[in-house]
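**Q** Quick note, the sequence shown lines up with residues 1 to 226 if you use this note's numbering.
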Amino acid sequence: MKKIVLSMVFLFTVTFSVMGCRPYISGTTPEDDAIEVPGHSLIEARFAIRIDDSSFEPSMYYLELDGQKVEGSVKLEARFSQDVLVFSPDEPLKSGMTYKATVKAGAKSEDDGSKMLQDKIFSFTVDSVKPEFVSIDPVNGEPAFYKNRITITFNEPIRSIDYVLKDSNGNAVNCMTTPIDNTVQIRPNTELGSGAKYSIQVLSYSDTAGNVNDLAISSSFTTDKY
């Protein structure tokens with residue numbers, strides 16, 4: 001008897017349901033229930049996929065404090081394979097307060113037009129801790145100073161600072177103040193005197209959430225002779 005081997009080929013058509021085709025918020029900055037959030041923060045909500053720009057209105061993303069909407073601007077940014085909503089408050093957020101952000105449902109997928117079905121809501125609390133002084137350059141009592149610049153370092157970015165720089169006769173020196181990251185740079189508008197003694201007193205300073213530290217800081221230095 002002759003054996004016959006049948007070779008059968010089956011063709012299957014498989015339809016995949018890919019999670020994420022329907023828009024949803026995959027992450028936020030700050031995260032939900034975050035605490036000690038800097039008052040100058042931008043509030044971001046990231047879609048898992050690209051959305052149809054025409055399906056989104058700025059009014060669909062907003063920030064609230066005690067049920068009242070916070071003034072600010074909204075923009076939609078494309079980042080790699082995601083779209084990101086960015087809320088920029090017009091004013092720094094209030095110290096110690098809890099805010100609620102909402103992304104309303106309705107945005108559509110760029111690929112197939114499917115809609116986001118549920119609102120995304122997340123909350124966070126703004127920093128309520130006073131900023132702290134870390135160091136000053138030149139250090140207190142430094143005998144020779146040649147930089148014509150004073151740098152004060154804090155443990156976080158500073159929004160405002162109240163200080164006075166004086167010469168040995170007690171005259172105030174006009175300066176330009178520049179915040180850079182966690183530092184404040186103070187540059188006298190005119191060159192400091194040769195071999196002269198100066199003192200600086202910081203009366204108060206506040207962080208981006210408006211937390212004020214009024215513990216005074218004093219330092220003195222003597223310039224190089226030239």
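From the three backbone atoms N, C-alpha and C, an ideal C-beta is built for every residue, glycine too.
Am I right that D33 and S123 are in contact with their C-beta atoms under 8 angstroms? What's the rounded C-beta distance?
**A** 6 angstroms
**Q** Compute the Euclidean distance between the alpha carbons of F74 and P179, then round it to the nearest angstrom.
**A** Per the sequence presented here, residue 74 reads as Val, with Phe not at that position. Cα to Cα, V74 sits roughly 26 angstroms from P179.
**Q** When DSSP builds the beta bridges, which residues end up paired with A172?
**A** A172 is bridged by DSSP to K166.
**Q** Could you give the residue range of the beta strand (DSSP E) that holds S206?
**A** 197 to 207
**Q** For S123, name the three-state secondary structure that DSSP assigns.
**A** strand
**Q** To the nearest angstrom, report how far apart Y226 and Y146 are at their CA atoms.
**A** Y226 and Y146: Cα-Cα distance of roughly 10 angstroms.
**Q** Thinking F47 and Q82 are a contact (beta carbons under 8 angstroms), I'd like their distance in whole angstroms, please.
**A** 6 angstroms
**Q** Taking DSSP as the reference, what is the three-state secondary structure of P92?
**A** coil
**Q** Of the residues T222, V134, P30, T29, which one's Cα is nearest the Cα of P143?
**A** T222
**Q** Out of M116, T151, V129, which has the shortest C-alpha to C-alpha gap to I135?
**A** Residue 135 is actually Ser in this sequence, not Ile. Between S135 and the set M116, T151, V129, the nearest pair of CA atoms involves T151.
**Q** In terms of alpha-carbon separation, which member of N169, M97, D53, I43 lies closest to A107?
**A** D53
**Q** For K69, count the other beta carbons within 10 Å of its own beta carbon; 16 or more makes it buried, fewer makes it exposed. Which is it?
**A** By the Cβ-count criterion, K69 is exposed, with fewer than 16 other Cβ atoms from all chains shown falling within 10 Å of its own Cβ.
**Q** Quick check: is any heavy atom of the ligand HEM less than 7 angstroms from the C-beta of D112?
**A** As for the ligand HEM, it is missing from this structure, which has no ligand bound.
**Q** Confirm, please, whether the CB-CB distance from V173 to D181 is below 8 angstroms.
**A** no
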